[in-house]
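This report refers to the structure that appears directly beneath it.
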Amino acid sequence: MQNTIHYSNIILPFLYLLTVGVYLYDFIKGEKKLAHSKRLFLFLTLIFHTFYIIIRTIEFDHPPITNVFEIFTILACAIGFSYFILELVTDIRGTGFFIIVIALLFQVLSSIFIRDLTEVKDVLRSNLLGVHVFHALLGYAGITISAVYGFLYLTLYKEIKTNKFGLIFDRLPNLEILERLSFSSAVIGFIALSIATTIGLIWLPQAFPDFSYTDPKLIVTFIVWLMYGVGIILKTTGQWRGKKVVVLSIAGFLLAIFSTIVTNFISRSFHSFY
Amino acid sequence: MNFLAISINHHTAPVEVREALHLNQDEIKNYIDDLKNNLFTEGFILSTCNRTELYGIPAKPEINYIDLEKYLIDKKPSIEIKDEQFQKFFSCSALNHLFRVSAGIDSLLLGDNQILGQVKESFQIAEEKYFVGFLLKRVFDAAAIVGKRAKNETQISDGAITVSYAAVQLIEKIFSNLSKKTALVIGAGETGEIAAKHLRDKGIGRLVITNRTYEKAEKVAEAVNARILPFSHFKENLHDFDIIISATSSNEIILNKEDIKVMMKKRGYAATVLMDIAVPRDIDPAGRDIDNVFYHDIDSLNIIVEQNLKKRKEELPKVEKIIREELVNFFSWYNSLEIAPTIKSLRDYFEEIRADEVQKMINKFSGEDREKVDIVTKRIINKLLHQPTIELKKAAETGIETPESITKIGLIRNLFGIDAKKEN
């Protein structure tokens, strides 16, 4: 079984690369015949990815959520699935490349650095942790997609303002749709992150007797949570709109990624599992 | 193939000539009555603002384009039409021309997708007047296939190539649902009216017109079902509109940056499109620096038009390939309309059925009866095919170029599915 896992770990990034390639080709060429078949590439990649996660869980006796590179593969899968559902529900095309390329990035990092861990710390064998990670991943997928749509909004905004009517202008949906997609994804991400943080706060004192509320991970998480919360309130009440909201979403995403990197690799935090 | 066409169009004649030759539906019907009696056995007339064209199968072999030219010139003695203003086509070139027209690549606006509808309409009029036979029906079907394939398989009709459509295309890149948006058109001249019509066609939620001369605004507002805002008050109400299109003949800027700032503040910086399609400009271009203001003038719209036109030109080889393919398809069908191959195909078809059926039942007959069954069934087939064969041979004597022959051969091939069978 371990051989199958290792081969799958190598094949997965290539499958994502192929899917990204098909989406990019369709984005550049805009040919009608690829409109449906590219979705099939994504679907098959996601099925294979699910199979990989299942056999990994069975073989190593734990779901791959105990360190950052295990989480990256699930995050890649979550982003891919979220986009797949989004494309099915909204039928908005032309943005797939920009999102699946993020999933590819996470999967490549995971495939390179992931280790075959059979020994897992007892503290990480908790049901509450499972619920926490599930919501955190959903939240991260949400804010990642929100940031990508935010980035696309800004790019198209700039193109229209400066009279550049290239591929971005031709292929992307309109600004209002991009703003709506960015905002809806941010709301879903915010709700999921709120649940993940609440569960984390309940679980932490039980799992780490020496933990502190001034831990850098907690502080940055709180700032990110606050940014999204304030942004959502300002947008809902009509005080902020358009460019300002998407800039906030991108800033929130960058801060969240930055906090993950810092707490896992640089600083000494309870959240350093690698 | 004895198929003739003449055309006066935007490539060959100035607008005065094209205008004078433009025919409405009633005129087309009258012309068809003339043509039917004198020049064509079947045909149709296509007349749009950019072209007037006659297509048909000559009633006599000696009829040629000179007769068609003379007919048109005699019909419009008041205008001077020169011989070189006519394009003349015969057989394959006539079909090729019709295909190019149907695909929109002969149009003034390259890739125009309204022309196929106009070709269909012309054909329907000819059908109503019983001026369409078996051959022309096939010609029209082929032209319709070319038009549809060009639209579906290429990007020849994609993107706006007029300034007013480019403005709408740009607006649709900013807003998703125009039915929830409000628009103000400043200026009730021709440009303003066209812009208002485009917005109405795109289903704009609320359309308002303002103009210095109230009566002019009233006239346009009535035509596009819009409301009127008095020109003296329009600046105070700017914040109510998501889209503002300005097309006045004013020599001065009528909306300066300060006006735009005030408007944006009042509407909470919600996205606003300012489309200045006037020359000289009506809106201060510095307004584009304000967040969520999308200011565009005639130059930026021309960029879109030029880019789209370039893309359409790049699609031309694909459309021409489709035309070549459909010409080959058409002429392979047409060439199959020869007498001898048709008789042979028909006999083969019957013989195949006879042999199959005999084979299925043959074991039920004794050895000596089998030969008799074979002879009897062959005799039945021969008798059944006797009269059709004689009719086909008669058609051969009159020549296959006559509509009667083509109809007979085509019907037989069609009824017995000979062509379909060949294709399979």
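Chain order of the listed sequences is A and B.
Numbered according to my numbering, the first sequence spans residues 12 to 285.
Numbered according to my numbering, the second sequence spans residues 70 to 493.
The beta carbon of each residue, even a glycine, is placed where N, CA and C say it ideally should be.
- Counting the other Cβ atoms within 10 Å of the Cβ of Ile225 of chain B gives 16 or more, which makes it buried.
- Beyond the five residues adjoining it in sequence on each side, Ala114 of chain A comes within less than 7 Å, by CB distance, of Tyr27, Ala87, Ile90, Gly91 in the same chain, given in chain order.
- Thr231 of chain B carries a coil assignment under DSSP once its states are collapsed to helix, strand and coil.
- Neighbours of Gln376 of chain B in chain A, taken as residues whose beta carbon is under 8 Å from its own, are Phe176 in chain order.
- The beta carbons of Leu266 of chain A and Val235 of chain A sit closer together than 8 Å.
- Glu70 of chain A is a Cβ neighbour of Ile16 of chain A, given a cutoff of 8 Å.
- Distance check between Leu192 of chain A and each of A:Phe145, A:Leu57, A:Gly253, A:Gly177 places A:Gly253 closest, using alpha-carbon atoms only.
- DSSP, reduced to helix, strand and coil, places Leu45 of chain A within a helical segment of the structure shown.
- Between Gly141 of chain A and Gly200 of chain A, the C-beta spacing is not below 8 Å.
- Listed in chain order, the beta strand (DSSP E) runs fully inside the stretch 134–199 of chain B are 156–159, counting runs of at least 3 residues.
- Cα atoms of Pro184 of chain A and Ile478 of chain B: separation of roughly 53 Å, rounded to the nearest angstrom.
- A Cβ of chain A is located within less than 8 Å of the beta carbon of Gly337 of chain B.
- A Cβ-Cβ contact shorter than 8 Å links Leu178 of chain A with Ile39 of chain A.
- Cα atoms of Glu190 of chain A and Tyr160 of chain A: separation of roughly 7 Å, rounded to the nearest angstrom.
- With contact defined as three or more Cβ pairs closer than 8 Å, the stretch 203–212 of chain B and the stretch 110–117 of chain B are in contact.
- Contacts with chain B at 8 Å (Cβ-Cβ) do not include Arg104 of chain A.
- Taking C-alpha positions only, Thr231 of chain B is separated from Ser160 of chain B by approximately 35 Å.
- Those residues of the stretch 151–180 of chain A placed with their C-beta closer than 7 Å to a C-beta in chain B are Ile171, Lys172, Asn174, Phe176, Phe180, ordered along the chain.
- Per DSSP, reduced to three states, the secondary structure at Tyr224 of chain A is coil, with no helix or strand assignment.
- Secondary structure at Glu122 of chain B: strand, using DSSP grouped into helix, strand and coil.
- Look at the stretch 235–254 of chain A: the residues with a C-beta under 8 Å from a C-beta of chain B are Gly249, Gln250, Arg252, Gly253, Lys254.
- Runs of the alpha helix (DSSP H) lying entirely within the stretch 372–431 of chain B and spanning at least 4 residues, in chain order: 408–430.
- Leu253 of chain B and Gly249 of chain A have their C-alpha atoms roughly 23 Å apart.
- Secondary structure of Tyr168 of chain A (DSSP, three-state): helix.
- Nearest Cα to Leu396 of chain B within the set B:Asp181, B:Phe209, B:Ala128, B:Ile132: B:Phe209.
- Membership of Tyr364 of chain B in the beta strand (DSSP E) is indicated by the continuous run 362–366.
- Put simply, the CB of Leu186 of chain A is near chain B, with a gap under 8 Å to one of its CB atoms.
- Counting along the chain, the unbroken beta strand (DSSP E) around Gly112 of chain B starts and ends at 109–117.
- In this structure the stretch 348–368 of chain B does not lie against the stretch 178–190 of chain B, because fewer than three pairs of beta carbons, one per stretch, are closer than 8 Å.
- Going by C-alpha positions, Phe25 of chain A is about 50 Å away from Ile346 of chain B.
- At a cut-off of 8 Å between C-beta atoms, Ile346 of chain B does not count as an interface residue with respect to chain A.
- Per DSSP, the unbroken alpha helix (DSSP H) holding Val31 of chain A starts and ends at 13–40.
- Excluding five sequence positions before and after Lys382 of chain B, the CB atoms of its chain that fall closer than 8 Å to its own CB belong to Leu179, given in chain order.
- By DSSP's assignment, Arg296 of chain B forms a beta bridge with B:Val277.
- When the Cα atoms are used, Arg439 of chain B and Lys433 of chain B turn out to be separated by approximately 9 Å.
- For Pro127 of chain B, DSSP records a beta bridge to B:Phe109.
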